[in-house]
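Novice: Each protein sequence line maps, in turn, to chains A and B. Note that our numbering has the first sequence beginning at 1180, numbered continuously upward. Note that our numbering has the second sequence beginning at 1180, numbered continuously upward. Attaching a single structure in structure tokens format; questions to follow.
There are 2 protein chains.
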Amino acid sequence: MQIVIIGSGNVAYHMAKAFTLKSIPVAQLFGRNEKELSKISEELNIPYSTDHLGEADLYIICVSDHSVEEVSKIITKKDCLVAHTSGSLPKEVLAGEYRKSSFYPLQTFSKSKELDYEKIPFFVEAGNEEDQKILFDLASKISERVMKSSYEKRKYIHLTAVFACNFVNHLFSRAKEISDSQEIPFDYFLPLIDETVQKIHEIEPKMAQTGPAVRNDVRILQLHEQLLKDESLEIYKTMNHSIQEMYEL
Amino acid sequence: MQIVIIGSGNVAYHMAKAFTLKSIPVAQLFGRNEKELSKISEELNIPYSTDHLGEADLYIICVSDHSVEEVSKIITKKDCLVAHTSGSLPKEVLAGEYRKSSFYPLQTFSKSKELDYEKIPFFVEAGNEEDQKILFDLASKISERVMKSSYEKRKYIHLTAVFACNFVNHLFSRAKEISDSQEIPFDYFLPLIDETVQKIHEIEPKMAQTGPAVRNDVRILQLHEQLLKDESLEIYKTMNHSIQEMYEL
């Protein structure tokens, strides 16, 4: 099977690298950014082009959500499978007459960061069983964790990641505002943060909850509210309310 | 300096262990729970008692917040220094005629979990410079990260930890509800979560923010709101509002 990867960003790079590490040949890298393409091409020993899209059985589009549709139009071939790598788009956003699919790796990518691809979950979807199997088998060569996933399901996957990653990072930002205000290095909190995250590798987060809200420690909750204002106060109230609802306090 | 540790829980155990590892003798473990005391005593080779509080220059009270005051009354000696280990109590809660202080390790403890004590921040406070120095020097033998800290400051330290740990854990709980609803193993999100936390060891959380809110991706934000209800919807709106305020979107 001939595979062409379209794009030159973080996802394109890691996808190409994951295939290469498993000796799955990539026939071409195609994109606009020649500088990036040539770097990836050199590192992974894959040909690239900025103007002539190569022949393939499977095109994997690794570009940002808002460019997927536009980029998908450059594939004029009909007898081929095309996959995008977005967690939040239906496969129907692909705008050609080929067979449409989704090949979604659940990870945040940056070029400088080494990743253990076997641990990255892949969610795959195609329009028929045969294509589904092609993508499932391909992902299974890279990763131990492959699941079929409809667009409906991908929406929830993305939403879970927003809670568990995007919002978690924002809590770190708000926490740092508080420690900065007292000139306490935010670094001091990293061991506690690491421990908090390590814990949910071993037990369910619901069983691991600590803090004043789950203890219903009214003195502390009131004291803390007096120290906060604006968005941080809103977060404080909303999170405590949600904790107390979950534990029926 | 004679040190006696009061308590038999997780904090007492790790405090005793941290001292022992640095060859700082602990004269006695004192508490009510003989079973726990005898286990710690055997492991660390420290005498214990449940009825006769030993003589000491420094008593460190390692009991839960609501018991600190009551427990502090058993120390009738006047010429000694007494510290509690709570992040959210003033030193004045200690109810004797001795010199009062606070010796606060910023970490979540469980007996079964090994910890790198050198990385655990200690916040110390005493009523005079001399006692302050005693506690500072003692903490510095255990840890690389020791700071003087008033009760005012400790309140903010605790609050930072609530945001960065307690609330983060609750987001994991709510995220798991979402993934459970779609029968997606929550384990699948652990590599992404680990990566999110690893990132803030390297860059400021504010610089690491990703997701639909910071991109102001209105399509996704609306789509997600339709998938949520009750507390999770409230969290979703509050967090996005706070993110957009922080980045002035």
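By construction, the Cβ of each residue, glycine as well, lies at the ideal position given by its N, Cα and C atoms.
Applying the criterion that 16 or more other CB atoms from any shown protein chain within 10 Å of the CB defines a buried residue, is Val1397/A buried or exposed?
Specialist: Against the first sequence, residue 1397/A aligns to sequence position 218. Val1397/A is exposed by the Cβ-count criterion.
Novice: Give me the Cβ distance between Thr1375/B and Asn1348/A, rounded to the nearest whole Å; I'm assuming they're in contact under 8 Å.
Specialist: Within the second sequence, numbered from 1, the residue matching residue 1375/B stands at position 196. Within the first sequence, numbered from 1, the residue matching residue 1348/A stands at position 169. Indeed they touch by this definition, with Cβ atoms about 6 Å apart.
Novice: Distance check for Ile1336/B and Met1326/B, CA to CA, integer angstroms please.
Specialist: Within the second sequence, numbered from 1, the residue matching residue 1326/B stands at position 147. Within the second sequence, numbered from 1, the residue matching residue 1336/B stands at position 157. Cα to Cα, Met1326/B sits roughly 12 Å from Ile1336/B.
Novice: Given this structure, state the Cα-to-Cα distance separating Ile1321/A from Pro1284/A, to the nearest angstrom.
Specialist: Counted from its first residue, the first sequence places residue 1321/A at position 142. Counted from its first residue, the first sequence places residue 1284/A at position 105. Going by the C-alpha atoms only, they are around 11 Å apart.
Novice: Output needed for Tyr1415/A: all residues of its chain with C-beta closer than 6 Å, excluding positions within five of it in sequence on either side, in chain order.
Specialist: Reading the first sequence from its first residue, position 236 is the one you call residue 1415/A. Only Leu1407 meet the Cβ criterion.
Novice: I need the boundaries of the beta strand (DSSP E) containing Ile1182/B, first residue and last residue.
Specialist: Within the second sequence, residue 1182/B is the residue found at index 3, counting from 1. Unbroken beta strand (DSSP E) run through Ile1182/B: 1182-1185.
Novice: Whose C-beta lies closer than 6 Å to the C-beta of Asn1212/B among residues of the same chain, with five residues either side of it excluded?
Specialist: Here residue 1212/B refers to the residue found at position 33 of the second sequence. Once the five neighbours on either side are set aside, the close Cβ partners of Asn1212/B are Ser1187.
Novice: Are the C-beta atoms of Asp1373/B and some chain A residue less than 9 Å apart?
Specialist: In the second sequence, counting from the first residue as 1, residue 1373/B sits at position 194. With 9 Å as the cut-off, Asp1373/B counts as an interface residue toward chain A.
Novice: Based on the DSSP output, what are the partners of Gln1361/B in its beta bridges?
Specialist: Counting from 1 along the second sequence, the entry for residue 1361/B is found at position 182. For Gln1361/B, which the question treats as bridged, DSSP gives no partner whatsoever.
Novice: Cβ of Gly1390/B less than 9 Å from any chain A Cβ?
Specialist: For the purposes of this step, residue 1390/B is taken as the residue at position 211 of the second sequence. At least one chain A Cβ lies under 9 Å of Gly1390/B.
Novice: Would you say Lys1196/A reaches chain B, if we count a Cβ-Cβ gap shorter than 9 Å as a contact?
Specialist: Here residue 1196/A refers to the residue found at position 17 when the first sequence is read from its first residue. For Lys1196/A, the answer is no, since every Cβ of chain B falls outside 9 Å of its Cβ.
Novice: In terms of alpha-carbon separation, which member of Glu1293/A, Thr1264/A, Ile1219/A, Ile1382/A lies closest to Ser1328/A?
Specialist: Stepping through the first sequence from its first residue, residue 1328/A is reached at position 149. The shortest C-alpha separation from Ser1328/A is found at Thr1264/A.
Novice: Can you find at least 3 beta carbon pairs, one from the segment 1228-1240 of chain B and one from the segment 1190-1208 of chain B, that sit closer than 8 Å?
Specialist: Verdict: yes, contact present.
Novice: What does the alpha-carbon distance come out to for the pair Ile1422/B and Ala1392/B?
Specialist: One-based indexing of the second sequence puts residue 1422/B at position 243. One-based indexing of the second sequence puts residue 1392/B at position 213. Spanning the two alpha carbons is a distance of roughly 6 Å.
Novice: For Phe1270/B, which three-state DSSP category applies?
Specialist: The residue given as residue 1270/B occupies position 91 in the second sequence. Reading off the sequence shown, one finds Lys at residue 1270/B, where the question assumed Phe. Reduced to three states, the DSSP call for Lys1270/B is helix.
Novice: Taking all protein chains shown into account, do 16 or more other C-beta atoms lie within 10 angstroms of the C-beta of Gly1390/A, making it buried, or fewer, making it exposed?
Specialist: Taking the first residue of the first sequence as position 1, residue 1390/A is located at position 211. So Gly1390/A ends up on the buried side.
Novice: Candidates Ile1357/A, Arg1333/A, Gln1377/A: which alpha carbon is nearest Glu1410/A's?
Specialist: Here the question's residue 1410/A lines up with position 231 in the first sequence. Closest option to Glu1410/A, Cα to Cα, is Ile1357/A.
Novice: Report the rounded CA-to-CA distance for Phe1368/A versus Asp1258/A, giving the unit in angstroms.
Specialist: Numbered from its first residue, the first sequence carries residue 1368/A at position 189. Numbered from its first residue, the first sequence carries residue 1258/A at position 79. Each residue's Cα considered, the two are about 55 Å apart.
Novice: Run down chain B in chain order and give the residues with a C-beta less than 8 Å from the C-beta of Ile1299/A.
Specialist: Locating residue 1299/A in the first sequence gives position 120, counting from the first residue. Near Ile1299/A (Cβ distances below 8 Å), the residues of chain B are Pro1370.
Novice: Our contact map puts Gln1361/B next to Lys1332/A with C-beta atoms below 8 Å; I'd like the distance itself, whole angstroms only.
Specialist: Reading the second sequence from its first residue, position 182 is the one you call residue 1361/B. Reading the first sequence from its first residue, position 153 is the one you call residue 1332/A. With 8 Å as the limit, Gln1361/B and Lys1332/A qualify as a contact, their Cβ atoms being about 5 Å apart.
Novice: Sort Gly1306/B, Asp1295/B, Leu1294/B, Phe1351/B by Cα distance to Lys1279/B and report the nearest one.
Specialist: For the purposes of this step, residue 1279/B is taken as the residue at position 100 of the second sequence. That would be Gly1306/B, whose Cα lies nearest to the Cα of Lys1279/B.
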